[in-house]
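Here the protein sequences come in this chain order: V and H. Just so you know, we're using the numbering used here here: the first sequence kicks off at 11 and counts up by one. Just so you know, we're using the numbering used here here: the second sequence kicks off at 4 and counts up by one. In this text, a Cβ means the ideal position worked out from N, Cα and C, and glycines have one as well. Below you'll find the structure, written out as structure tokens, and then a few comments.
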Amino acid sequence: MAKKKNTITLMKGEREFHYAALVIMTLMMLFCIVPLILMVTVSFSSEQSLVYGYRFIPDEWSLDAYAFMWAKRATIFRAYGLTILVTVIGTAISLVMTSMFAYPLSRKDFKPRNVIAFILFFTMLFNGGMTASYMVWTRLFHIKDKIWAYLLPGSLMNGMNVMLVRNYFNANIPYSIIEAARLDGAKDWTIYSKIMVPLSKPIMTTIGLFSALGYWNNWTAGIYYVNNPKLYTIQVYLKKLMDSIQFLKTTDLQSEATLLASRNLPTESARMAIAIIALIPVLIVYPFIQKELIKGMVVGGVKG
Amino acid sequence: MTDIRLEDVSMIYPFHKVGGLFYRKEQQKILEAQKAMPYTSNEGVIALQHFSARIDQGEFVAVLGPSGSGKTTLLRIIAGLERPPLGTVRYDGCDLQQIDIDDRDIAMVFQNYSLYPNQTVYQNIAFPLEVKHMPREEIAREVEKIAGLTGLTDKLRKMPEELSGGEKQRVAVARAMVKDPKLLLLDEPFANLDPLMKKKMRELLRKLHENYETTIIYVTHDQYDAISLAERIIILKDGITQMDASTEEVYNRPLNRFCGEFLGLPVMNIIEDVRVDKGSFELFGEKHALNAAQKKKCRDRDLIDVGIRGTNIQIGDQGVKAEVEYVEIIEADRIIHLGLEGRKLTAVEKINDAGRLTYLKGDAVMIKADPDRIHLFDKEGNRI
């Protein structure tokens, strides 16, 4: 007896829709994955094979870029360590500050909340510009050549994140829970720490990841405020290294010896190798938080 | 000693504001719906009007009224969650707003339970004690005691999402009672429960009231809950107090037609436009004389409305002939729906072995009103 096929009956037009969706999603996936594959293959290519452009399958395989990285391992590990430190501390402070800012804005009984929300929103649209910010951070807060240069400017608290968390609080945590806690005798700090934050895991994961990525990829702060090589993060180190290699390769002032050395330096492949090294922690962490992240992105955007 | 005094309290909720670029149509609809509400002023919707009451230590008071009558607003004002623009709320003689929320010693059970979803049943119940920084051993003792009373001992390690509606409600009651509050506020706590669970919860509440002697204010639109639990009932309609009296009095001597019709199942029969003639009126073929006080309130030829509860209509050999339309059996009662000269009436009869076995549609029965249980209302609905 013929076995009945286990099939799902599609309605008229649904099959076409499924195919169209499949094609679009495949294209979008390729847009994301192709640069990543290219980055990996380029990092394993010899410098000479890259003269005529990038290829998915290198003409000549080489580990020169990674050998170069290994030679610089002391500096790279220090930069790596500093980046992790900045990311962990920055993300932790950012999460605390963002959620603490969002909590009163979500409270109906906090009368100035609309004024404060407006001020917050205003900063999302307008700011003092680079020069004014630079003057404030260096002259008033004296962050130049300090680790604070990575932590404070820009990334510490983001208006958009505050709005996301506030919306999450409003839309997902019934206000009567706060009222119940108040009547149970809980003060605001207890309500915030024991109820609001534990109930906001999805949105906290989302903004935590945004914030961590922001800190991890932040190279501009280092370029603007840091001159001490010991305080270079991995991104700043990558930028400085590329600038130096480029300088050696293009300058007219180089001696025969440096010219010879610079010709053998891996540039494109090294750039990709450092980018891969910088990407590894994100690739490791992402699968563990993916579920909460998607939940947070969906619900945080809902207007409360 | 805990007593609550509300003096001339009014609450106005501002109209919904229409603004912004988005959702304007929806916002306009909300505003129009609010403006169409029965009691509105220039500032907004009046949820409560000139409400005054005194609730003494250990009393069990039910606030009864239809949806939108201001019951929950009243409860929230007493809890201190809303600040009325007019009037004062005094708690043991002090203005409630002047007392720190920690010192109020008020607990509230919300209609939607409002359990903390991230905490176990034990943690939920222990929360009010933890914020008081009570020693752990004492917290454990108190939680176990209240869990025993509420039948939650085997559920203490569960998360709220693993519980049924009735269990969640019991956790909410346990959390409210564990700190032994001076005042317990209940906002339609049994609204989502099935009849059997409601019965169990009523028993539990009665037991807790007896054990803890807590002052309880119970807001509901379920008159059965109110009658069966409360010693005193406050009836609200459109934010205005209709009656504030003992349960017996509200049932037996309703101050107006609304109270008479609102309390009691089945709803009180109202025979409209009965003419007063020479100090008496006619009901079911019998003449009933007005007493002296009633005579002062209405003159000859006046039209009045006569109210009589189904339980006070006697079916027997005397009176006027009515026709049976259909019969409902509710617990031990038989509710007989009758037609009389184009009017619909309901009579209630206890089902017992000695009585008639059944009534069929179209059966003719003789009905008569208990003369001591007739309620008279003027055309404004006030008791005569």
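- When A77(V), Y242(V), G169(V) are compared, the shortest CA-CA separation from I217(V) is found for G169(V).
- Secondary-structure assignment with DSSP links Q317(H) through a beta bridge to K371(H).
- In the displayed model, P208(V) falls within a helix according to three-state DSSP.
- Contact with chain V is found for F130(H), since one of that chain's Cβ atoms lies less than 8 Å from the residue's Cβ.
- In the structure shown, H224(H) adopts coil according to DSSP, grouped into three states.
- In the three-state reduction of the DSSP assignment, H136(H) falls in the coil class, being assigned neither a helical nor a strand state.
- The region 201–211 of chain H and the region 209–229 of chain V do not touch, with fewer than three beta-carbon pairs separated by less than 8 Å.
- Beta-bridge annotation (DSSP): G342(H) is paired with E326(H), K347(H).
- If you check the CB distance, P131(H) and P163(H) do not come in under 8 Å.
- Interface annotation for the region 160–188 of chain V against chain H: P184, S186, I187, criterion Cβ-Cβ distance under 8 Å.
- The straight-line gap separating the alpha-carbon atoms of I233(V) and M145(V) is approximately 15 Å.
- Nearest to E189(V) by C-alpha distance, out of S53(V), I201(V), F298(V), S59(V), is I201(V).
- Contact between Q297(H) and D373(H) fails: their C-beta atoms lie close to 17 Å from each other, not under 8 Å.
- Uninterrupted beta strand (DSSP E) stretches at least 3 residues long and entirely within the region 136–214 of chain H occur at 186–190, given in chain order.
- Between D375(H) and K300(H), the C-beta spacing is not below 8 Å.
- For the region 79–106 of chain H, the set of positions with a beta-carbon nearer than 7 Å to some beta-carbon of chain V reads A82, L84, I104, D105 in chain order.
- Close to I109(H), with beta-carbon spacing below 8 Å, are these residues of chain V in chain order: L193.
- Using a Cβ-Cβ cut-off of 7 Å, P120(H) is close to L209 of chain V, given in chain order.
- Using a CB distance below 8 Å, no part of the region 279–312 of chain H faces chain V.
- For T101(V), the nearest beta carbon of chain H is not closer than 8 Å to its own beta carbon.
- Between the alpha carbons of T101(V) and E213(H) lies a gap of roughly 53 Å.
- Listed in chain order, the positions of the region 37–64 of chain V with a beta carbon within less than 8 Å of a beta carbon of chain H would be empty, since no residue qualifies.
- Residue-level contact check: F261(H) does not touch chain V, since none of the beta carbons of chain V fall below 8 Å from its beta carbon.
- With a cutoff of 8 Å on beta-carbon distance, P198(H) and V176(H) are scored as not near each other.
- Of the candidates I238(H), P41(H), Q114(H), I238(H) places its Cα closest to the Cα of F265(H).
- Under DSSP, E352(H) takes part in a beta bridge, and its partners are R337(H).
- For S13(H), the uninterrupted beta strand (DSSP E) run begins and ends at 7–17, by DSSP.
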